[in-house]
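Under UniProt numbering, the very last position in the sequence shown is 189; numbers go up by exactly one each time.
Note that beta-carbon positions come from the ideal geometry of N, C-alpha and C, so glycine has one too.
Just so you know, these numbers come straight off a predicted model, no measurement behind them.
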Amino acid sequence: MKVYTKTGDKGTTALFGGTRVPKDNIRIDSYGTVDELNSYIGLIRDQEMNSHYKTILIEIQDRLFTVGAILATPQEKEVLKNGKLRLENLGIIDSDIELLENEIDKMEESLPPMTHFVLPGGHPTVSHCHIARCICRRAERLAVHLSHNEHVPEIAIKYLNRLSDYLFVLARKLSFDLKAEEVKWIPRK
């Protein structure tokens with residue numbers, strides 16, 4: 001199987017189920033941003049950190065492939081001709097969101113309460129987390145935009161929302177673990 005197919009040479013691509021759409025279609029932008037996020041989380045995982053965080057990040061990357069598949073499947077292609085679900089055994093479930101919430105709660109137990117906004121930075125690993133958080137928020141906005149015109153399972157949007165929270169708290173926790181300098185945001189008076 002060759003990597004290049006030449007089928008996209010005229011600016012279209014296929015969704016799950018074969019429907020061809022322009023490459024700038026909101027659905028493509030939506031799952032493409034999830035793919036970008038997944039790649040950036042891989043960069044975070046490549047940094048020096050506690051192995052538990054790496055394990056959770058691998059789990060997140062796996063779930064993001066699922067979110068991408070969900071976003072790449074138009075509603076009319078969700079069921080195959082034989083009646084089976086196209087994404088059978090794939091999906092985001094409540095326990096995926098609960099994992100993120102539990103991890104957030106565990107990290108926050110060892111962190112001082114937030115009393116101010118913090119400027120992103122202080123350590124390269126922390127900065128990567130903040131960039132991933134921003135990409136995650138963009139992916140969420142695009143999924144919400146897509147949902148205004150096409151079916152998007154609410155749980156996929158909920159997962160992206162919770163994931164951005166997780167990435168924010170992970171940035172704080174890594175900043176704490178690495179003893180990185182936190183720079184407070186001070187509004188002008």
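For the alpha helix (DSSP H) that contains residue i, what are its first and last residues?
i: A132; result: P124 to S147
i: Y159; result: E154 to D177
i: K54; result: S51 to L71
How about residue i and residue j: are their beta carbons less than 7 angstroms apart?
i: A132; j: I44; result: yes
i: L64; j: C136; result: no
i: L146; j: V152; result: yes
i: K30; j: A156; result: The sequence given here places Ser at residue 30; Lys does not occur at that position. No, the Cβ-Cβ distance between S30 and A156 is not below 7 angstroms.
i: K23; j: G11; result: yes
i: V118; j: E182; result: yes
i: M107; j: V169; result: yes
i: K184; j: H116; result: yes
i: P74; j: T19; result: yes
Taking only three categories from DSSP, how would you classify residue i?
i: T12; result: strand
i: R27; result: helix
i: K189; result: coil
i: L100; result: helix
i: K184; result: strand
i: L43; result: helix
i: V118; result: strand
i: V34; result: helix
Beta-carbon within less than 7 angstroms of residue i's beta-carbon, same chain only, minus the 5 sequence neighbours each way: which residues are those?
i: I56; result: E103
i: P120; result: S127 and H130
i: L90; result: T66 and A69
i: I28; result: T13 and V21
i: R97; result: Here residue 97 is Ile; the residue named in the question, Arg, does not match the sequence. The residues are K158, Y159 and R162.
i: S51; result: none
i: S164; result: R133, C136, R137 and E140
Leaving aside the five residues before and after residue i along the sequence, list all residues of the same chain whose C-beta is less than 8 angstroms from its C-beta, in chain order.
i: E59; result: L99
i: Y40; result: H128, I131, A132 and I135
Taking 6 angstroms as the limit between beta carbons, can you name the residues of its chain near residue i, skipping five residues before and five after?
i: L178; result: H123
Contact between the stretch 169-180 and the stretch 110-117 is defined here as three or more beta-carbon pairs at a separation below 8 angstroms; is this criterion met? yes
Below 8 angstroms, can you find three or more Cβ-Cβ pairs linking the stretch 122-129 to the stretch 46-61? yes
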